[in-house]
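Read top to bottom, the protein sequences are chains A and B. Per the numbering used here, the first sequence starts with residue 235, numbered consecutively. Per the numbering used here, the second sequence starts with residue 5, numbered consecutively. All residues carry an ideal CB built from backbone N, CA and C; glycine is no exception. Okay, so here's the structure we're looking at.
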Amino acid sequence: MAMEHVKGEDRGNVVLYALSTCVWCKKTKELLKNLGVDYSYVYVDLLKGKAREDTVEEVKRHNVKCTFPTVIINNEKCIVGYKETELKEALSR
Amino acid sequence: MNQEQEPEVREVQEFRRLLDNEAEDFGYHLNPDVDFTEDLARGLIVNERRYGYRSCPCRLASGEEEEDQDIVCPCDYRDPDLEEFGACYCALYVSEDVLKGKKELGPVPERRPSLDERAKKRDTLAGSDISATPSAELSHPVWRCKVCGYLCARDEPPGICPICKAKRDRFERFI
């Protein structure tokens, strides 16, 4: 699967790297939806071959342990794990 | 691309109940949030179908069983995480204090070493000669369950850990 886009309010370039089986990733998706944020997400466990390798490298660039969920805001701020307060602070106006 | 069949609700519920009963039998506790643990149980079923083993739903599996052995549920990191944070990494299992509401459940950082760190550790282990350790003086080698720490002195590790029910491949030579 490729990157999916969820329409919402522009709060910067928000990308969620997730696993399709992970409950904390699911909670993060729900939080982003409730915040009404425009974002993209990808389920890394469903990627194969080079697409997966490239995506894993991209996650590692921000989060060495390559854990999920990882949220990247504007290609610089990185929030690892379901951190409700931190995500809200970073994505609220 | 995702042609996996979603596990049926009844299957998920039954599997969660099984995990719950097993946990209680062996002195562990499942997270009391049933919806939450059913989601995790679903993830475990999906992973078992996808990879052939019950890899942690909250970690990226490599698809290689040997590489992922430490994250097959219950993972090698469950017990130390229960001790330190009151829950395992995905929070399927919680400590008694969390269960009784004496301790708040917070995020559990990843204890599993990174891919590079794991490769380094494997190289070190491969280079060490366990037969050079004092085991020569013992009548039997000692095996350690990597999931719960159970030790036993016998020629081969048991087929199943009598304490936590982990399979033989989760045992390592201790002495």
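Exercise. Output, in chain order, the set of chain B residues within a Cβ distance shorter than 8 Å of VAL278(A).
Key: The sequence position of residue 278(A) within the first sequence is 44, counting from 1. Near VAL278(A) (Cβ distances below 8 Å), the residues of chain B are LEU64.
Practice problem: Give, in chain order, every residue of the stretch 20 to 51 of chain B whose Cβ lies closer than 7 Å to some Cβ of chain A. | Solution: PHE40, ASP43, LEU44, GLY47, VAL50, ASN51
Quiz item: In chain B, which residues lie with their C-beta within 8 Å of the C-beta of LYS260(A)?
Solution: For the purposes of this step, residue 260(A) is identified with residue 26 of the first sequence, where counting begins at 1. By Cβ distance, chain B contributes ASP43.
Exercise. Could you tell me which uninterrupted alpha helix (DSSP H) segments, each at least 4 residues in length, are contained entirely in the stretch 90 to 165 of chain B, listed from first to last along the chain?
Key: Correct list: 100 to 103, 119 to 131.
Quiz item: Quick one: does GLU114(B) have its CB under 8 Å from some CB of chain A?
Solution: Within the second sequence, residue 114(B) is the residue found at index 110, counting from 1. By this cut-off, GLU114(B) is an interface position.
Quiz item: Are at least three pairs of beta-carbons, each pair with one atom in the stretch 80 to 91 of chain B and one in the stretch 149 to 160 of chain B, less than 8 Å apart?
Solution: yes
Quiz item: Quick one: what does DSSP say ALA170(B) is sitting in, helix, strand or coil?
Solution: Taking the second sequence and counting its residues from 1, one reaches residue 170(B) at position 166. Three-state result, ALA170(B): coil.
Quiz item: Which runs of the alpha helix (DSSP H) fall wholly inside the stretch 16 to 55 of chain B and span at least 4 residues, in chain order?
Solution: 38 to 55
Quiz prompt | C-alpha distance - PRO111(B) paired with LEU265(A), whole-angstrom precision | solution = To locate residue 111(B), count along the second sequence from 1; it is residue 107. To locate residue 265(A), count along the first sequence from 1; it is residue 31. Distance between the alpha carbons of PRO111(B) and LEU265(A): 16 Å.
Quiz prompt | Integer Cβ distance of LEU109(B) from ALA95(B), believed to fall under 8 Å | solution = For the purposes of this step, residue 109(B) is identified with residue 105 of the second sequence, where counting begins at 1. For the purposes of this step, residue 95(B) is identified with residue 91 of the second sequence, where counting begins at 1. The Cβ separation is near 7 Å, so the contact holds.
Practice problem: Return no unless some Cβ of chain A is closer than 8 Å to the Cβ of CYS94(B). | Solution: Residue mapping note: residue 94(B) aligns to position 90 of the second sequence, counting from 1. Closer than 8 Å to some Cβ of chain A, the Cβ of CYS94(B) qualifies, so yes.
Quiz item: Comparing the C-beta of SER118(B) with each C-beta of chain A, is any distance below 8 Å?
Solution: Here residue 118(B) is taken as the residue at index 114 of the second sequence, counted from 1. Closer than 8 Å: yes.
Quiz item: How would you call GLY90(B), buried or exposed, if buried means at least 16 neighbouring beta carbons within 10 angstroms?
Solution: Taking the second sequence and counting its residues from 1, the one referred to as residue 90(B) is at position 86. With 16 or more Cβ atoms within 10 Å of its Cβ, GLY90(B) is classed as buried.
Quiz item: Would you call the stretch 271 to 285 of chain A and the stretch 235 to 250 of chain A touching, i.e. three or more CB-CB distances under 8 Å?
Solution: yes
Quiz item: Which residues mark the beginning and the end of the alpha helix (DSSP H) in which THR304(A) is found?
Solution: Locating residue 304(A) in the first sequence gives position 70, counting from the first residue. No alpha helix (DSSP H) contains THR304(A), which is instead part of the beta strand (DSSP E) from 304 to 307.
Quiz item: Per DSSP, what kind of secondary structure is LEU250(A) in: helix, strand or coil?
Solution: Taking the first residue of the first sequence as position 1, residue 250(A) is located at position 16. Looking at LEU250(A) - three-state DSSP - the assignment turns out to be strand.
Practice problem: Just tell me which of ASN308(A), GLU292(A), THR301(A), ARG327(A) has its CA closest to the CA of TYR316(A). | Solution: On the first sequence, residue 316(A) is found 82 positions in, with the first residue counted as 1. Residue THR301(A) is the option with its Cα nearest to TYR316(A).
Quiz item: Looking at the C-beta of PRO61(B), does it have a partner C-beta in chain A at a distance below 8 Å?
Solution: Here residue 61(B) is taken as the residue at index 57 of the second sequence, counted from 1. So, interface residue.
Quiz item: Residues of chain B with a CB under 8 Å from the CB of GLY315(A): which are they?
Solution: Start at 1 with the first residue of the first sequence, and residue 315(A) comes out as number 81. Listed by position along chain B, the residues whose Cβ is nearer than 8 Å to that of GLY315(A) are PRO111, PRO113.
Practice problem: Select from the stretch 295 to 323 of chain A all residues with a C-beta closer than 8 Å to any C-beta belonging to chain B, and list them in chain order. | Solution: For the stretch 295 to 323 of chain A, the residues whose beta carbon sits under 8 Å from a beta carbon of chain B are, in order, VAL298, LYS299, CYS300, THR301, PHE302, GLY315, TYR316, LYS317.
Quiz prompt | Spatially closest choice to LEU48(B) from ASP37(B), ARG116(B), GLU10(B), LYS104(B), by CA coordinates | solution = Taking the first residue of the second sequence as 1, we reach residue 48(B) at position 44. Nearest C-alpha to LEU48(B): GLU10(B).
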